[in-house]
Amino acid sequence: MIFGLFRKKKQNQPIVDRQYASLTSTARDPFFYTDLGVPDTVMGRFEMLSIAMILFFRRTASSAVSGQELAQEIIDAFFQDLDHSIRELGIGDPGVPKRMKKLAGMFYGRLESYAAALDATDRDALAAALARNIHPQSAEHPPMDGLAGWMIAAEKALVAVSEEEIARGGAVLSPPGK
Numbered sequence: 000m001i002f003g004l005f006r007k008k009k010q011n012q013p014i015v016d017r018q019y020a021s022l023t024s025t026a027r028d029p030f031f032y033t034d035l036g037v038p039d040t041v042m043g044r045f046e047m048l049s050i051a052m053i054l055f056f057r058r059t060a061s062s063a064v065s066g067q068e069l070a071q072e073i074i075d076a077f078f079q080d081l082d083h084s085i086r087e088l089g090i091g092d093p094g095v096p097k098r099m100k101k102l103a104g105m106f107y108g109r110l111e112s113y114a115a116a117l118d119a120t121d122r123d124a125l126a127a128a129l130a131r132n133i134h135p136q137s138a139e140h141p142p143m144d145g146l147a148g149w150m151i152a153a154e155k156a157l158v159a160v161s162e163e164e165i166a167r168g169g170a171v172l173s174p175p176g177k
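For the sequence shown, numbering that gives the first Met the number 0 assigns the number 0 to the initial residue and increments by one for each residue that follows.
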């Protein structure tokens with residue numbers, strides 16, 4: 000009986016799966032890679048998925064406890080997906096924790112830097128942060144103001160999503176141009 004207290008509850012799993020699928024679908028939209036300067040690489044995909052997770056996480060920060068729990072489960076699914084992807088890329092078991100720690104640090108660093116710019120609705124600061132993160136080795140990179148504009152608009156759209164829709168896993172980030 001007491002062991003049941005420590006087991007992860009799976010009642011939210013269909014909601015988590017639905018919401019995570021929606022967020023990953025947005026992050027995989029070709030428009031980000033063909034028109035907004037995100038490289039179509041493993042790290043470019045990580046960047047876009049991180050952006051989708053960050054936007055959703057910021058929206059649910061003001062939700063009721065159930066919305067925040069759902070957000071945490073979705074972030075957990077994100078990191079489980081990263082773990083699986085790292086292993087598929089051929090990284091052996093001893094190297095996975097080190098890589099996961101690095102990716103987690105990158106994710107939370109981006110959350111912090113993007114949050115400051117999003118809180119101020121500062122498109123230029125957000126574009127600069129995106130450029131630093133998406134093109135770290137490149138002095139010459141595509142402009143990131145289109146992606147920054149999309150993020151600001153997507154965050155505004157998420158604010159309008161009802162708590163009921165969040166609780167059902169129905170929050171949708173519309174890809175740019177759609």
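No residue lacks a Cβ here, since even glycine has one placed at the ideal position from N, Cα and C.
Everything numeric in this text was worked out from a predicted model, so none of it was measured.
Item, Value
"Any 3 or more C-beta pairs closer than 8 Å across the stretch 19-30 and the stretch 128-135", "no"
"Where Pro142 sits in the DSSP three-state scheme", "coil"
"Start-to-end residues for the alpha helix (DSSP H) that takes in Asp16", "12-26"
"For Val171, the three-state DSSP class (helix, strand or coil)", "coil"
"Reference Gly36, options Val171, Glu162, Ile50, Pro141, closest by Cα", "Pro141"
"Given 8 Å, three or more beta-carbon pairs between the stretch 15-23 and the stretch 64-82", "yes"
"Contacting residues, own chain, Cβ-Cβ under 6 Å from Phe106 (five flanking each side not counted)", "Ser49"
"Where Gly89 falls, given that 16 or more other Cβ within 10 Å makes a residue buried", "exposed"
"8 Å contact criterion, which Leu172 and Ala153 should meet: CB distance rounded", "5 Å"
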